[in-house]
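Residue numbers (the working numbering): 1 to 730.
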Amino acid sequence: MSMTHLRWGTDALSLLISLDPAGPVRLLAAGEAPSLPDPAREPERCARLAHRALPLVEIQTTDGGRLGTSGKRHVDGAVSRGLRCTGHDEQSTAGIRTLRVRMADEDSGLRATAVYTLREDTPVLHSEVTVENRGDRAIALEYVSSFAVSNLARHLSDGERWEDGLSLWLAANPWSGEFRWSRATLAERGLYDVGMVPYGQTGSKNRIAVTSTGSWSSSEYLPMGCLEETASGRALLWQIEHNGSWHAELADRFDDVYLALSGPTDREHQWRRRLAPGESFRAVPVTVALVPEGGFEAALAALTTHRRATRRTHPDHERLPVVFNDFMNSLMGEPSTGALLPLVDAAAAAGAEYFCIDAGWYDTEPPGTVGPGGVPGWWDAVGEWRESATRFPGGLGEVLDRIRGTGMVPGLWLEPEVVGVRSPVAASLPDEAFFRRGGVRVTEWGRHQLDLRHPAARAHLDTVVDRLVRDYGVGYLKLDYNIDIGAGTDGPDGTDSPGDGLLGHNRAYLDWLDGVLDRHPGLVLESCAAGGSRTDHAVLSRLPVHSVTDQQDFRLLPAIAAAAPAAVTPEQGAIWAYPLPEHTHAELGMVMVSALLGRVHLSGRPDLLTKEQTAVVCEALATYKTYRHLLPTARPRWPLGLPGWRDGWLALALTTRDGMTLLALWRRDGAPATVHVPLPWAGGGDRPRVLFEAGVRATLDWDECGRTLRVGLPTERSAVLITLEPPTRP
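This is the structure in structure tokens:
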């Protein structure tokens, strides 16, 4: 029987898959339809691609392991080699195309199904994989790929080495320094053509590996990356859509390059899944965007479209209300009736529409009490989520009524997944409702982790949320998460692997979020995890607002704010604006501009500002409200490149459907007074004007022919918001 091929997709993105009756199904190529080889006319080329290509799904089991490789790579699984196509089907509904490829390994009895989804005119592929045990014995899975693609160097010109011609974008994501994107060639990242393929070897046996372990999905790196052809700008951008452990690896194989993406693994995450006969396992979802030119930015534009199309609808996405939160550079976890009431009045006067009381509203410890590790005394006592009588002698309702009386919607901070070791909830819930390892309840920084697979844990949280909504009438909950619980939990009977227990909890948490929003569809839920430590599409596809950072220094915040739209859509990314009395007017301008191309989360001390300072804040928010309705469809761009942590000038642009450009520019310490900003997309007749500035007057000089804007800001630590609009048509 001869090999057949399946060509599937759209003009924007298509797949070429080989269906070999004597070998595994393989993805030979992916890209825009005209770029795919024709098997009928180019059989030798397709044969070369098939030789280098990985099986469509990579599976490793304890009793099967790998064949033909060594080292740490997750390829060449014995089960993968045995997978044979048993059929495929295609569907098309309402502009969405779906392909299911079914495979079976007769020796092990495992069945695998890969499901690919495409939307018309968008070069974005969504991938999900399910593995089922149809055999007569239990099998232990140690690795299952969510997406694997090879032949990524096939477009390079003759003589160009893949180690130099391909660059890899990765985003380090340190706490309070989130979204640190960097680009380096594969050689600069340590992957080389070592010249051993002609001697019968597979390749270097090396890899570029990026892994996140534990319950913070992005505490070290974003679950994203981009492989880019330096010369052409062809790019493949991926995101792993999971709120727990994940793994990505890029490596060479037969003089080409492959990418394999997955959730937790045995080697990296203590993950194993024992599949009894009849049981199945679903790998974490993955999405990739592949563009023929334009590099990272073009791929990100396509991925942004996917993010918007696949998230849960919520009215907050359209309203984009200004939220005041009393934490950042404000009360810092020490709220009380006396401290809050002046802030409520000042926030309303400035233009806030929601008011969220942050951490500490339940704290019965004396103000200023410090517990273990230098954290507040309440840190290891949380879990009941009941108001503090000492902080609110007239009741929390007094403050919430004041918030409503000003026309704002009240909100509260909540850390639902944790229970302090001193909390009565720690004793009232059964051990099985918490993470355990070796039968011992896990403790991290004075806290236990709820396991939301257990009905008692979920019932506890449902009761808390429903009570807060019912009794206090809150319309906003900030859901924080400030511990990373490690590898996971081995479950109630001690037989689960810790990594699989964590995966189960991760999915139960998402299901819990869906349940809360099903019961309270108008409730706004904000995602937060020690700033941006859980920035992933699994959570972002459900919750309308995401807190991106805990950064308190207004001089450092612009580098985070300018890069945030690479990971979070502008209409979801909450950026702090914390005006303080000690700020000059120019500094206040920088403070406010940092939030004006995202979600404005006002904080600081507006109650202590002078009349003139207050006017700056009011003007910024009033300006924001004139264009915020455009953010949910705007495309992010970086005319000065993705921001470096210490760059003197930073720029973020959003281009709207009607051709308007919103451009934020920041001048930081040590930067020259002027900057040239290329805006090649701007149309003829566009004219720049200042939308918002404070303390300094920006100078604008537009070069129509060169499509470049020269901007001057005479003062360091200042910023400006500019718009370029197409001429009014008669």
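The beta-carbon is built from N, C-alpha and C at its ideal position, and this holds for glycine as well.
Cross-strand partners of residue i (DSSP beta bridge)
{"i": "Lys478", "result": "Trp413, Glu526"}
{"i": "His546", "result": "Ser527, Gly573"}
{"i": "Ala112", "result": "Met103, Val131"}
{"i": "Leu709", "result": "Val677, Trp702"}
{"i": "Ile96", "result": "Thr93, Arg119"}
{"i": "Ala22", "result": "Answer by DSSP bridge pairing: none, since Ala22 is not bridged."}
{"i": "Cys226", "result": "Trp169, Leu237"}
{"i": "Asn325", "result": "Cys356"}
{"i": "Ala664", "result": "Leu652, Leu721"}
{"i": "Leu450", "result": "Phe434"}
Test item: CB-CB of residue i and residue j under 8 Å
{"i": "Ala563", "j": "Val600", "result": "no"}
{"i": "Gln551", "j": "Ile560", "result": "yes"}
{"i": "Ser497", "j": "Trp162", "result": "no"}
{"i": "Val616", "j": "Gly598", "result": "no"}
{"i": "Ala487", "j": "Leu502", "result": "yes"}
{"i": "His51", "j": "Gln60", "result": "no"}
{"i": "Ile722", "j": "Pro688", "result": "yes"}
{"i": "Leu419", "j": "Ala426", "result": "Here residue 419 turns out to be Val, not Leu, going by the sequence shown. Cβ atoms of Val419 and Ala426: closer than 8 Å."}
{"i": "Phe327", "j": "Gly333", "result": "yes"}
{"i": "His317", "j": "Pro632", "result": "yes"}
{"i": "Pro277", "j": "Arg137", "result": "yes"}
Residue i versus residue j - alpha carbon distance
{"i": "Trp378", "j": "Gly360", "result": "8 Å"}
{"i": "Pro455", "j": "Gly504", "result": "13 Å"}
{"i": "Val539", "j": "Asn243", "result": "7 Å"}
{"i": "Arg729", "j": "Gly659", "result": "Its pLDDT being 49, under 50, Arg729 is placed unreliably by the model, and the measurement read from it follows with that caveat. Each residue's Cα considered, the two are about 12 Å apart."}
{"i": "Pro579", "j": "Lys611", "result": "13 Å"}
{"i": "Tyr627", "j": "Arg134", "result": "56 Å"}
{"i": "Arg637", "j": "Ala653", "result": "5 Å"}
{"i": "His585", "j": "Gly695", "result": "5 Å"}
{"i": "Pro726", "j": "Glu268", "result": "52 Å"}
{"i": "Gly177", "j": "His546", "result": "16 Å"}
{"i": "Asp686", "j": "Leu713", "result": "21 Å"}
{"i": "Ser212", "j": "Gly368", "result": "35 Å"}
{"i": "Arg45", "j": "Thr715", "result": "60 Å"}
{"i": "Leu300", "j": "Trp512", "result": "30 Å"}
{"i": "Ser423", "j": "Val382", "result": "6 Å"}
{"i": "Thr313", "j": "Ser541", "result": "9 Å"}
{"i": "Gly165", "j": "Arg234", "result": "11 Å"}
{"i": "Leu343", "j": "Ser388", "result": "19 Å"}
{"i": "Val421", "j": "Gly446", "result": "6 Å"}
{"i": "Arg635", "j": "Thr661", "result": "9 Å"}
{"i": "Leu596", "j": "Arg7", "result": "45 Å"}
{"i": "Leu452", "j": "Arg274", "result": "21 Å"}
{"i": "Arg437", "j": "Asp490", "result": "5 Å"}
{"i": "Asp431", "j": "Arg180", "result": "40 Å"}
{"i": "Thr62", "j": "Ala114", "result": "22 Å"}
{"i": "Thr699", "j": "Phe692", "result": "13 Å"}
Extent of the continuous alpha helix (DSSP H) to which residue i belongs
{"i": "Gly439", "result": "Taken as a continuous stretch (DSSP letters only), Gly439 belongs to no alpha helix (DSSP H), as it is neither H nor E."}
{"i": "Leu340", "result": "337–350"}
{"i": "Ala561", "result": "557–563"}
{"i": "Trp162", "result": "162–165"}
{"i": "Arg267", "result": "266–269"}
First through last residue of the beta strand (DSSP E) which encompasses residue i
{"i": "Tyr354", "result": "354–357"}
{"i": "Phe281", "result": "280–282"}
{"i": "Arg467", "result": "Arg467 -> not in any beta strand (DSSP E); alpha helix (DSSP H) instead, spanning 455–472."}
{"i": "His247", "result": "246–253"}
{"i": "Thr185", "result": "180–185"}
{"i": "Leu81", "result": "Per the sequence shown, residue 81 should be read as Arg rather than Leu. First-last for Arg81: 78–82, but that is the alpha helix (DSSP H), not the beta strand (DSSP E)."}
{"i": "Phe296", "result": "Taken as a continuous stretch (DSSP letters only), Phe296 belongs to no beta strand (DSSP E), being part of the alpha helix (DSSP H) at 295–310."}
{"i": "Val428", "result": "The sequence shown places Ser at residue 428, rather than the Val named in the question. Where Ser428 is concerned, there is no enclosing beta strand (DSSP E), although the alpha helix (DSSP H) it sits in stretches over 424–428."}
Any non-hydrogen atom of the ligand FMN within 7 Å of residue i CB
{"i": "Glu249", "result": "What this structure holds is no ligand at all, so the ligand FMN is not there to describe."}
Validate contact between the region 135–145 and the region 269–286 using beta carbons, cut 8 Å, 3 pairs: yes
Sufficient close CB pairs (3 or more, under 8 Å) joining the region 437–445 to the region 465–474: no
At least 3 beta-carbon pairs within less than 8 Å: the region 248–264 vs the region 95–102: no
Stretch-stretch touch, CB-based, cutoff 8 Å, three pairs: the region 514–525 with the region 219–237: no
Given 8 Å, three or more beta-carbon pairs between the region 110–123 and the region 85–98: yes
Inter-stretch contact (C-beta, 8 Å, three-pair minimum) for the region 522–535 and the region 215–222: yes
Three CB pairs or more closer than 8 Å across the region 30–41 and the region 288–299: yes
The region 342–356 contacting the region 402–418, beta-carbon criterion three pairs below 8 Å: yes
Segment contact flag, the region 252–266 with the region 179–195, C-beta cutoff 8 Å, min 3 pairs: yes
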